[in-house]
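Novice: Heads up: the sequence shown is residues 2 to 217, going by our numbering.
All C-beta atoms, glycine included, are put in the ideal place defined by N, C-alpha and C.
I have a structure here, written as C-alpha cells, and I will follow up with some questions on it.
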Amino acid sequence: MSVNKLKSVAGIVIPDSAIATQATELLLDHGTEFLYNHSLRVFLFSSLNGNRNNLKYDAELLYIASVFHDLGLTPYYSSPDKRFEVDGADAARDFLKGHGLPHESLQLVWDTIALHTAIGIAEHKENEVALMYSGVGLDVMGEGYDNLSPENREEIISAFPRNDFKKKIIPTFFGGFEHKTETTFGNIKADVCAFMIPNFHRKNFCDCILHSPWSE
C-alpha cells in the first residue's frame, strides 16, 4: 500500500511536512488500507467542519491525530490492558516527542485521540479535539451528513473510498480489543462487544457500587 499523493481534496490541503509524511508511513506500515482511508476521511471531514464554523485549528496536529486515532486497534500498537484510544494516543505522543514538539502539542494530540469516542466531553474541549470527534462521528455514524455538500462528499470518497465501510468497521473495531473486552467498560465500544459476542455480559456500574467491599 502506498501513500495517496493528492495535495488537496475538497479544498483541504493534506499536510505533507516531514513529520506528517512519517506519521502517514507508520499508518501504512502498521495499519490497513481500510484504516488509512478512514483516517484520511476523518481528517478531511474534521477540517471541513472547522472551516465551516470558522474555527482556528492546527492542521498538522489535527492530521497527525487523525492518522494515529485508530492505530491502537492494530497488533503493533495494541496493549494487553489499555483502551485502544489510549494506545493510539500514547503512540502519537511518543512519535511527536521524538520530533521535539512542545509539551502542549503532545498533550493536545493525546487528548484528541484519547477522547475521540468520548460522547458529551470531546465536543467541549479544544478545537482540534472537538473537530476530530466530529470527523469520526461523520464518517462512522453519519453525524452532520447533511452539512457536507454532495460535491465534497463525492470528491472525498473518490480519493479515499469507503469500500463497504458499514459492514467492515464493526469487525475492525472488535478485532482491536477482542483480547481485552474489559477495556470497553463505560464506553460505546461495549456496544461492539455486545454485537459481536453472543450473550456478552457487560460490566455494570451499578453492580460495581452494590458489590463493592463497603458494608454500607
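1. Give the secondary structure of residue 226 by DSSP, where H, G and I count as helix, E and B as strand, and everything else as coil.
2. Residue 195: which of 80, 78, 85, 174 sits nearest, CA to CA?
3. Looking only at its chain, what residues have a beta carbon closer than 8 Å to the beta carbon of residue 116, apart from the 5 residues adjacent to it on each side?
4. Where does residue 9 sit, in a helix, a strand or coil, going by DSSP?
5. Span of the alpha helix (DSSP H) holding residue 184?
6. Could you check how far apart the C-beta atoms of residue 197 and residue 171 are, in whole angstroms? I think they sit under 8 Å.
7. Going by CA-CA distance only, name the one from 190, 19, 182 that's closest to residue 64.
8. Looking at C-alpha atoms only, which residue of 44, 180, 28, 207 is the closest neighbour of residue 136?
9. What's the gap between the Cα of residue 90 and the Cα of residue 109?
10. Assuming contact is defined by CB atoms lying nearer than 8 Å, are residue 82 and residue 181 in contact in what I supplied?
Specialist: On the basis of the supplied data:
1. The question about residue 226 has no answer here: the residues shown for the chain are numbered 2 through 217.
2. The closest CA to that of residue 195, considering only 80, 78, 85, 174, is found on 174.
3. The answer, listed in chain order, is 86, 122, 123, 126, 130, 134.
4. It is a strand residue.
5. Annotation for residue 184: no alpha helix (DSSP H) segment contains it, and DSSP assigns it neither H nor E.
6. Contact between residue 197 and residue 171 holds: CB atoms are separated by about 7 Å, below the 8 Å threshold.
7. Just measuring C-alpha positions, the residue of 190, 19, 182 sitting nearest residue 64 is 19.
8. Here the closest residue by C-alpha is 44.
9. The straight-line gap from Cα to Cα measures roughly 10 Å.
10. Yes, these two residues count as a Cβ contact at 8 Å.
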